Structure formats: structure tokens, C-alpha cells
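Below: one structure, written as C-alpha cells.
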DNA sequence: ATAAATAACTGAATAATATTCGATAAACAA
DNA sequence: TTGTTTATCGAATATTATTCAGTTATTTAT
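Protein chains in written order, with our numbering: chain A, 1 to 151; chain B, 1 to 151.
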């Protein structure tokens, strides 16, 4: 057996999906060629960046999700943006924002479990120069799990 | 001219996309029927929930993004989950998590501009019984749930 | 360890879908 | 107005997904 599942998940995180023109055509009752024309236009304008899969993260072994508010040591990087670019390289970092307020960065981290999360914090404090962090672990994600099923 | 664009964006937020089996087949050099079989399996297991488009939110007029940490009035709802379900109904709420820490909810809000954001806060404090909120407006998104941002 | 049952893989055929093309119509600019 | 660009859309073509059936691999039961 060749376990291609991890490869598929990885590709779907990058994209490798496409719009369903004929289904959209039926839904909004316009010719499929018109739908096609309009979608290509959205893509050319850069309004649509890609198409990707939505996962049930628990089921793919990435169930632990934590939002980390970060204060950076002023000494380590020239700017929060520079730090953020470095932090973003880790594939477990799902998103990273530079924000207003008491904390410069908001890092959304997905790990297998709390142990992997703890290990991440420990190494990152050193590696990136986190001066102070506040962690908010997600107990339940309501909106990302929402998928409409009516046709 | 029939402006289909808003309809398309709305549908793409729900799904209306599909995996590109033949492209994946070429990429990882496995027969397309094998790819097909494995993807269907992932779908049946619920590991993949749907396929969606990824937008450039600035370009589609949803450029203002704020993370709102929320304390709820204990009186209004029976549980934070109940409140979250109500809050999630607003299409401008991109995600909502029930979290550990000082604030029960983390709401990710996408609006056109700061004025719409302010209007949202004003009405939500009353409507959902927000006792206390802390707002972190995203100045720059280095990485989103979906794709890395290059600009 | 062996047999039976189940799950996974795959090529060939078919069904469904996207894309191209050319013609028309609508919107826009000078 | 007139010319120019943008948008719509049906018919033909190209590409892609899906089904099916045979095979192999893996797991389960005896």
C-alpha cells in the first residue's frame, strides 16, 4: 500500500483545486460559458488567489489549535515584519498577523497535541526572541467547521 | 450587463470547487484512478470537508480585518457556544473560536473599512451582550489560513 | 500458517465537464 | 454618432472525472 494521503493533504493546502463551473451554472442559472468568462476575469484581476480544500483538522491529526499573542524583544529583529516572516516559515503556523494593540503579533498555531504546542513555545521564545506571550487555545471552532450543504 | 461577481464570491465562500485529480496525478506520478479513490476516501471519512476559493480580500472590498477578544455577560446566553452560534451567522465573521484564557471568544471579523468595523462593535455589544472586548486590528497578514502572501 | 474477507490499486471505457472559438450585444469613450 | 473595448453565449472540441472490472495487497478469522 502506498500511503498517498499525506501527499494529498499537502497538495490541497497549496491549492490543486478548481471551480465547478457547471454546478455554479445550474445554481445561478446562467450559461456555463458566461460563468467561465467571469471566473477567469476574477483570477486575472487577482481577486481569486487559488482554490483549496477545507479539512477537519482533528481527523487529520492537527487537532490542537492555539492563538498566541506575542511581544517581541526589540533587540532581535529590525521590525515585527521581519520576525513574522521567519515565524511564518514553520508549516504548523497557519496564519500570522501584525496587529495594533498591546501585542505586535498574532500567531495561529496548529499542532498534533498540547505537547507539540509546548515544545513550539519553548523553542520559539529563544529562537525568535518572544519577550512575552499570551496563549489562547481553541476549545471549539464554530465557524470554520460550518459547511453549507443545500444545493 | 449582469453582475455575477458577488454571486460567484458568495458561492465560493461556501464551496463549489473540486479537486484537480489529473493535475495531482501528474504531480505525484500515480494513476488518476488511484488519486480519485484516495480522495473519495478522504471525503467519506470526513477528513476533507469541502473545497473553497481563496480571495485577495483587499481586492474584493473586505480589506479591514480585526481579531476581537470577547468577554460575554454571563446573563445573556446559557453558554459561550450558544452565543458563538449566533455571532457566527453574520457573514462578516470569518471565524469564531471558543478559547481558554481571559476571554471566552475570539472573533475574526472582515469588513470593508474601519467604519463598518466600528458599527459592528457598537451593535454587537448590545445584541450579543459583550461585557468587554479587546480589538486587534491586522495591519498586515503575512500568512493566512490558505496561502502565503507575497506582497 | 492458511484460508477467507476486505481494502487498495489500476487500465480501459464512458460520462461529464471545461475550454475554445466565433458571433452577437452591451457599455464606454471620443 | 462612430469606433473600441468588454461581456454574453451557443456550438464544437479538448480535457477531465468517474465507473467498472480485474488484480493485488492487507487484514481478519480459523
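All C-beta atoms in this analysis are idealised placements derived from N, C-alpha and C, irrespective of residue type, glycine included.
Just so you know, these numbers come straight off a predicted model, no measurement behind them.
Opposing strand residues paired with residue 136/B [DSSP bridges] = 67/B
Taking just the CA atoms, how far does residue 16/B sit from residue 39/B?
-> 16 Å
How would you label residue 102/A, buried or exposed, when you count the other beta carbons within 10 angstroms and need 16 or more for buried?
-> exposed
Mind listing the chain A neighbours of residue 135/B? Cutoff is C-beta to C-beta under 8 Å, in chain order.
-> 100 and 101
Counting contacts by CB-CB distance shorter than 8 Å, is residue 131/B in contact with chain A?
-> no
Going by CA-CA distance only, name the one from 110/A, 74/A, 73/A and 100/A that's closest to residue 88/A.
-> 110/A
Report yes if the CB atom of residue 49/B is closer than 8 Å to the CB atom of residue 51/A, and no otherwise.
-> no
Residue 30/B versus residue 11/A: straight-line alpha-carbon distance, rounded | 14 Å
Just reading off the beta strand (DSSP E) that residue 19/A is part of, what are its end residues?
-> 17 to 19
Minimum C-alpha distance to residue 69/A - residue among 136/B, 114/B and 37/B = 136/B
So, is residue 159/A buried or exposed, given that buried needs 16 or more other C-beta atoms within 10 angstroms?
-> Summary: the structure shown does not reach residue 159/A, with chain A confined to residues 1 through 151, and so no result is reported for it.
Who are the Cβ neighbours of residue 60/B in its own chain at under 7 Å, not counting the five residues just before and after it?
-> 9
Going straight from the alpha carbon of residue 121/B to that of residue 62/B, what length do you get?
-> 16 Å
Which of helix, strand or coil does DSSP assign to residue 50/A?
-> strand
Name the DSSP beta bridge partners of residue 93/B, please?
-> 109/B
For residue 14/A, which of 54/A, 21/A and 47/A has the nearest alpha-carbon?
-> 54/A
Measuring CB to CB, does residue 73/A end up less than 8 Å from residue 80/A?
-> no
Pick from 93/B, 34/B and 129/B: whose alpha carbon is nearest that of residue 65/B?
-> 93/B
Assign residue 144/B to buried or exposed, taking buried as 16 or more other Cβ atoms, counted over all protein chains shown, within 10 Å of its Cβ.
-> buried
Span of the alpha helix (DSSP H) holding residue 85/A?
-> 80 to 88
When you compare only the Cα positions, how much space is there between residue 106/B and residue 90/A?
-> 23 Å
Taking all protein chains shown into account, decide if residue 26/B is buried (16 or more other Cβ within 10 angstroms of its Cβ) or exposed.
-> exposed
Could you work out which residues of chain B lie near residue 96/A, taking near to mean beta carbons separated by less than 8 Å?
-> 141, 142 and 143
Whole-Å CB distance - residue 108/A paired with residue 95/A, under 8 Å assumed = 4 Å
Within the same chain, show all residues whose beta-carbon is closer than 7 Å to that of residue 104/B, passing over the 5 residues directly before and after it, in chain order.
-> 70, 71, 72, 80 and 98
Using a Cβ-Cβ distance under 8 Å, would residue 63/A count as near chain B?
-> no
Closest Cα partner of residue 76/A within the set 118/A, 116/A, 35/A and 126/A = 126/A
List the residues of chain B whose Cβ lies closer than 9 Å to the Cβ of residue 6/A, in chain order.
-> In chain order: nothing, as chain B lies at least about 11 Å away.
Does the separation of the CB atoms of residue 47/A and residue 56/B fall below 8 Å?
-> yes
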